[in-house]
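Enquirer: Here the protein sequences line up with chains A and B, keeping their order. Letter by letter, the first sequence follows residues 383 to 767 of the working numbering. Letter by letter, the second sequence follows residues 383 to 767 of the working numbering. Positions of the beta carbon are idealized from the N, C-alpha and C atoms, including for glycine.
Protein chains: 2
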Amino acid sequence: MTPTRGFPASEFKARVAKAQARMAEEDLDALLLTTEPDVRYFTGFLTRFWESPTRPWFIVVPAKGDPIAVIPAIGAHLMGQTWITDIRTWRAPDYDDDGIGLLAETLCSITRETAKIGVPNQMETHVRMPLCDLQRLKQTLKTREIVGDQAIVRSLRMIKTAAEIAKISMACNIAERAFARVPEIVGAGVPLSKVFREFQALCLHEGADWVPYLAGAADQGGYGDVISPASDDPLLAGDVLMLDTGLVWDGYFCDFDRNFAVGEPSTAVQVAHDKLMDATQAAFAIAKPGATMCDLFHAMNAVVNPGGAGSDAGRLGHGLGMQLTEWPSIVPVDHTPLLPGMVLTLEPGIVVNGDKIMVHEENILVTDGAPQFLSNFQPEKMRIL
Amino acid sequence: MTPTRGFPASEFKARVAKAQARMAEEDLDALLLTTEPDVRYFTGFLTRFWESPTRPWFIVVPAKGDPIAVIPAIGAHLMGQTWITDIRTWRAPDYDDDGIGLLAETLCSITRETAKIGVPNQMETHVRMPLCDLQRLKQTLKTREIVGDQAIVRSLRMIKTAAEIAKISMACNIAERAFARVPEIVGAGVPLSKVFREFQALCLHEGADWVPYLAGAADQGGYGDVISPASDDPLLAGDVLMLDTGLVWDGYFCDFDRNFAVGEPSTAVQVAHDKLMDATQAAFAIAKPGATMCDLFHAMNAVVNPGGAGSDAGRLGHGLGMQLTEWPSIVPVDHTPLLPGMVLTLEPGIVVNGDKIMVHEENILVTDGAPQFLSNFQPEKMRIL
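(1) How about B/Gly731 and B/Val685: are their beta carbons less than 8 Å apart?
(2) Pull up the distance between the alpha-carbon of B/His700 and that of A/Ala619, whole angstroms please.
(3) Would B/Met724 count as contacting chain A if we go by Cβ distances under 8 Å?
(4) Who are the Cβ neighbours of B/Ala673 in its own chain at under 7 Å, not counting the five residues just before and after it?
(5) Going along chain B in order, which residues have a C-beta closer than 8 Å to the C-beta of A/Arg563?
(6) Would you verify that the beta carbon of A/Thr718 is, or is not, closer than 8 Å to some beta carbon of chain B?
(7) Assuming contact is defined by CB atoms lying nearer than 8 Å, are A/Ile787 and A/Trp631 in contact in what I supplied?
(8) Determine whether the beta carbon atoms of B/His508 and A/His717 lie at a separation below 8 Å.
(9) Could you compute how far the alpha carbon of A/Ala486 sits from the alpha carbon of A/Leu519?
(10) How would you label B/Ile482, buried or exposed, when you count the other beta carbons within 10 angstroms and need 16 or more for buried?
(11) Against B/Ala403, what residues of chain A qualify as contacts under a CB-to-CB distance less than 9 Å, listed in chain order?
(12) What ranges does the beta strand (DSSP E) occupy inside the segment 394–464 of chain B, keeping only unbroken runs of at least 3 residues that lie completely in it?
(13) Does B/Leu584 come out as helix, strand or coil in the three-state DSSP assignment?
(14) Measuring CA to CA, which of A/Glu762, A/Ala401 and A/Asp448 is closest to A/Gln663?
(15) Report back the beta-carbon spacing between A/Ala583 and B/Leu586 to the nearest angstrom; my notes put them in contact at under 8 Å.
(16) Cβ closer than 7 Å: which chain A residues qualify as neighbours of B/His459?
(17) On the DSSP bridge assignment, give the partners of A/Tyr595 in chain order.
(18) What are the residues that DSSP puts in a beta bridge with A/Tyr605?
(19) Quick one: is A/Lys549 buried, meaning 16 or more other Cβ sit within 10 Å of its Cβ, or exposed?
(20) Could you name the residues of the segment 459–485 of chain A whose beta carbon sits closer than 7 Å to any beta carbon of chain B, in the order they occur along the chain?
(21) Just reading off the beta strand (DSSP E) that A/Gly483 is part of, what are its end residues?
(22) Taking B/Asn503 as the query, report the chain A residues whose CB atoms sit under 7 Å from its CB, ordered along the chain.
(23) How big is the Cα-Cα spacing for B/Leu426 and B/Arg397?
(24) Listed in chain order, which residues of the segment 580–603 of chain A have Cβ atoms closer than 8 Å to some Cβ of chain B?
(25) Taking the Cβ atom as the reference point for each residue, do A/Arg470 and A/Leu484 lie within a distance shorter than 8 Å?
(26) Which word fits B/Gly566, buried or exposed, when buried means at least 16 other C-beta atoms lie within 10 angstroms of its C-beta?
(27) Go ahead and label A/Asp607 buried or exposed: buried means 16 or more other beta carbons lie within 10 angstroms of its beta carbon, across all protein chains shown.
(28) Consult DSSP for B/Phe642 and reduce its assignment to one of helix, strand or coil.
(29) Which partner residues does B/Glu744 have in the DSSP bridge list?
(30) Within the continuous alpha helix (DSSP H) that includes B/Pro565, where are the two ends?
(31) Taking the continuous beta strand (DSSP E) assigned at B/Asp468, which residues delimit it?
(32) If I'm right that A/Trp465 touches A/Ile453 with Cβ under 8 Å, what's the distance once you round it to whole angstroms?
(33) Do you know how far the Cα of B/His680 is from the Cα of A/Ile609?
(34) Should B/Glu433 be flagged as near chain A, meaning a C-beta pair shorter than 8 Å?
(35) Taking C-beta pairs closer than 7 Å, name the residues in chain B that A/Glu506 reaches, listed in chain order.
(36) Taking the straight line between their C-alpha atoms, what separation do you get for B/Glu527 and B/Lys498?
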């Protein structure tokens, strides 16, 4: 069933209330948010216009009360359709002052003179505004200080609500249907670039709003990496074809891949594929409250890389939601406890034929009981094209 | 004719040589680049993997010699296929030190103790690394200082080479073919969301590598904004449908839109559309060396908004290339002189029926003589579906 698009205002209010409770604990007087997912998380402002680097966008979460949007005038109409009512605009791009004066005025009007204003500053974040404007903001704020947000936004976004999970699940279902149709577009002799174009079209036909991410590879008995764009080389018998998507429904991602054998796979490829399945199942089996992210790492690593410290990929999975990849990572040093509502990718990789790799990826939901696959785990043998 | 993918090493070497000449003038000992287009501009590193926010990527351009890549190990294989030979990696994500130690070591090894290291810090830029890591880098560098790049990267990227122009032109041609097929997918009663999905599929079928951007709208006698995602509302007779893409070929964008009338357009819509055409032609006519960006603004504004200071969009066009929108902007305060090799969008907007707008957009190339349309300007009446 297709979920409802958007969220009720109550969902955003709950997010703000949780943030404000944590802000009080951390003695933060406001949060300042500048990136697409963080702005959208508290407002519902969904647009592909972030593809343009020109304009900065600011959301201020005060210690009490609703968020304030400080945004370019071009976004006022769309922001006006969200639950946000305090929308302050300037006509951007403004070469003299691209919103910094208005932002500083806003921050000063809702905080005391010794205020601490938190911005996400840890791994996987950045501040989306020009560095010179950040310096200007600091100077304009004078006694008020910009500090880290103590990972408040990250920790909130890590736990998904039922409405968010429904959207991720919808994205996964769309991708599953597209993967099921891969035989329609693939065969020996078809250029990989054509496979990529047509697979993205399949994702759209099956209901994706857009396809922000598609990577993959095809090479004899495995591939060199998993982040390359497609070449124009034709598929050959003996190739392992991997497609990894990255499609979006109502602002939420899936992120999983499928491997296909072009012609009968070699024994080495079959063995590697079976180990990837086993590794995924080993992590899935323990993905419950009480386990931690590093437990998932060790469960998978013991199968695909026994005795080794990990691969060049650096991790064996990660969070998933409003972004293709989210906090936390499945690495040996991550002791984040698994909690109900976390959506994760399990993404083991294995070396095959000495200098090639294969990677498998599934999307799962952590619950208070057994985990659930959001992608449709298929433990049978590798699909042959 | 399809251009060759990628660039010869000579193209990158020329970019580096120009940067280094400017660095010498500005007394910069190195450039530090962190964003997708800036990294790609000097290396050719093309991947959609930037969709993941997890890993930082660093390119160091020294005062002399080739750029150095300081990147996560997962990218080593792909970077190894570019012209870059000095590739230094760490296994990211590393929770203790996510590349900052390696980056600082690299910077220190190629610069004197009092070095100034430039990062792009003006409008339309940001530093793509966690704020805490930027602070850590500054501390680790001690006597070496991080400063602005004096707009060196922006000014280089503003002037396109013949090879770059061929790619943008290819993207424009693909979009033209997709726009020509819009009647296949559109009609009264079709939900706008379906139009969006199918238009993106048309772009892919016509040869787009991917479609990072599609915005648009459909409403009675004009629309409310130009940055919204699609609703599920069906198209109605009397709607003006606008589609604005945003597709990529070999890493280069087109960015233009087309308006369609669903059924016979009203006189107000027809008049508005004609004025948008006239405004575009007025700017096109003067888009030659000797003119400046603000001249283009006034040429268009005199037609669509006589006596007014500009619209909420804030500008009437911009640069185009590796990003959907690039420096500079067509605004009254931008006195950048037009130079051969600049690729621009002309993007006039007009108020229609009091509270609606219509926007038109074309892509042009500035040469040493008459400008050229890269999109295929069609001065006939609005297309009716």
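Expert: Let me spell this out:
(1) For the purposes of this step, residue 731 of chain B is identified with residue 349 of the second sequence, where counting begins at 1. For the purposes of this step, residue 685 of chain B is identified with residue 303 of the second sequence, where counting begins at 1. No; because the gap between Cβ atoms is not below 8 Å, this pair is not in contact.
(2) Translated into positions along the second sequence, residue 700 of chain B becomes position 318. Translated into positions along the first sequence, residue 619 of chain A becomes position 237. Annotation: B/His700 to A/Ala619 spans about 47 Å, alpha carbon to alpha carbon.
(3) Counting from 1 along the second sequence, the entry for residue 724 of chain B is found at position 342. Residue-level contact check: B/Met724 does not touch chain A, since none of the beta carbons of chain A fall below 8 Å from its beta carbon.
(4) Residue mapping note: residue 673 of chain B aligns to position 291 of the second sequence, counting from 1. Answer for B/Ala673: Leu720, listed in chain order.
(5) Numbered from 1 along the first sequence, position 181 holds the residue referred to as residue 563 of chain A. Near A/Arg563 there are no residues of chain B at all, since even the closest Cβ is about 13 Å away, more than 8 Å.
(6) Position 336 of the first sequence, counting from 1, holds the residue named residue 718 of chain A. Not one chain B Cβ lies under 8 Å of A/Thr718.
(7) With chain A running from 383 to 767 in the structure shown, residue 787 of chain A is simply not present.
(8) The residue you call residue 508 of chain B lines up with position 126 of the second sequence. The residue you call residue 717 of chain A lines up with position 335 of the first sequence. No, Cβ-Cβ distance for B/His508 and A/His717 is not below 8 Å.
(9) In the first sequence, the residue the question calls residue 486 of chain A occupies position 104. In the first sequence, the residue the question calls residue 519 of chain A occupies position 137. Cα to Cα, A/Ala486 sits roughly 6 Å from A/Leu519.
(10) Along the second sequence, read from residue 1 onward, the residue named residue 482 of chain B stands at position 100. By the 10 Å Cβ count, B/Ile482 comes out buried.
(11) On the second sequence, position 21 is the one that residue 403 of chain B refers to. Within chain A, no residue comes near B/Ala403; the closest Cβ sits about 24 Å away, beyond 9 Å.
(12) Runs of the beta strand (DSSP E) inside the segment 394–464 of chain B: 412–415, 440–444 and 450–454.
(13) Residue 584 of chain B sits at position 202 when you count from the first residue of the second sequence. In this structure, B/Leu584 counts as helix in the three-state DSSP scheme.
(14) Reading the first sequence from its first residue, position 281 is the one you call residue 663 of chain A. Of all alpha-carbon atoms in A/Glu762, A/Ala401 and A/Asp448, the one lying nearest the alpha-carbon of A/Gln663 is that of A/Glu762.
(15) The residue you call residue 583 of chain A lines up with position 201 of the first sequence. The residue you call residue 586 of chain B lines up with position 204 of the second sequence. A/Ala583 to B/Leu586, Cβ: 5 Å. Contact.
(16) Taking the second sequence and counting its residues from 1, the one referred to as residue 459 of chain B is at position 77. Residues of chain A whose Cβ lies closer than 7 Å to the Cβ of B/His459 are, in chain order, Gly606 and Asp607.
(17) Residue 595 of chain A sits at position 213 when you count from the first residue of the first sequence. Looking at the DSSP output, A/Tyr595 bridges to A/Gly628.
(18) Sequence index remark: in the first sequence, residue 605 of chain A carries index 223 (1-based). In DSSP, A/Tyr605 forms a bridge with A/Ile739.
(19) Here the question's residue 549 of chain A lines up with position 167 in the first sequence. If you draw a 10 Å sphere on the C-beta of A/Lys549, you find 16 or more other C-beta atoms in it, and that means buried.
(20) Answer set for the segment 459–485 of chain A: His459, Leu460, Arg473, Ala474, Pro475, Tyr477 and Asp480.
(21) Translated into positions along the first sequence, residue 483 of chain A becomes position 101. First-last for A/Gly483: Ile482 to Ile492, but that is the alpha helix (DSSP H), not the beta strand (DSSP E).
(22) Here residue 503 of chain B refers to the residue found at position 121 of the second sequence. Pro512, Leu513 and Cys514, listed in chain order.
(23) In the second sequence, the residue the question calls residue 426 of chain B occupies position 44. In the second sequence, the residue the question calls residue 397 of chain B occupies position 15. Position check: residue 426 of chain B holds Gly in this sequence, whereas Leu was assumed. Cα to Cα, B/Gly426 sits roughly 11 Å from B/Arg397.
(24) Against chain B - using a Cβ distance shorter than 8 Å - the residues of the segment 580–603 of chain A are Glu580, Gln582, Ala583, Leu586, His587, Gly589, Ala590, Asp591, Trp592, Val593, Pro594, Tyr595, Leu596 and Ala597.
(25) In the first sequence, the residue the question calls residue 470 of chain A occupies position 88. In the first sequence, the residue the question calls residue 484 of chain A occupies position 102. Judged by beta-carbon spacing, A/Leu484 lies within the 8 Å limit of A/Arg470, meaning their Cβ atoms are closer than that value.
(26) What you label residue 566 of chain B is simply residue 184 of the second sequence in a count that begins at 1. The residue asked about is misnamed: residue 566 of chain B is Glu in this sequence, not Gly. Taking every protein chain shown into account, the CB of B/Glu566 has fewer than 16 other CB atoms within 10 angstroms, so this residue is exposed.
(27) For the purposes of this step, residue 607 of chain A is taken as residue 225 along the first sequence, with counting starting at 1. Under the 10 Å beta carbon count, A/Asp607 is surrounded by 16 or more other beta carbons and is classified as buried.
(28) Counting from one through the second sequence, the residue named residue 642 of chain B turns up at place 260. In the structure shown, B/Phe642 sits in a strand (DSSP, three-state: E or B).
(29) Numbered from 1 along the second sequence, position 362 holds the residue referred to as residue 744 of chain B. BP columns for B/Glu744 point to B/Leu728.
(30) Your numbering for residue 565 of chain B matches position 183 in the second sequence. B/Pro565: member of the alpha helix (DSSP H) spanning Val564 to Ile567, first to last residue.
(31) Residue mapping note: residue 468 of chain B aligns to position 86 of the second sequence, counting from 1. Unbroken beta strand (DSSP E) run through B/Asp468: Asp468 to Trp472.
(32) Here the question's residue 465 of chain A lines up with position 83 in the first sequence. Here the question's residue 453 of chain A lines up with position 71 in the first sequence. Not a contact, Cβ separation roughly 15 Å.
(33) Numbered from 1 along the first sequence, position 227 holds the residue referred to as residue 609 of chain A. Numbered from 1 along the second sequence, position 298 holds the residue referred to as residue 680 of chain B. If you draw a straight line from the Cα of A/Ile609 to the Cα of B/His680, it is about 45 Å long.
(34) Here residue 433 of chain B refers to the residue found at position 51 of the second sequence. Yes, its Cβ sits closer than 8 Å to a Cβ of chain A.
(35) Indexing the first sequence from 1 puts residue 506 of chain A at position 124. Here the neighbours are Pro435 and Thr436.
(36) Position 145 of the second sequence, counting from 1, holds the residue named residue 527 of chain B. Position 116 of the second sequence, counting from 1, holds the residue named residue 498 of chain B. The C-alpha of B/Glu527 lies about 5 Å from the C-alpha of B/Lys498.
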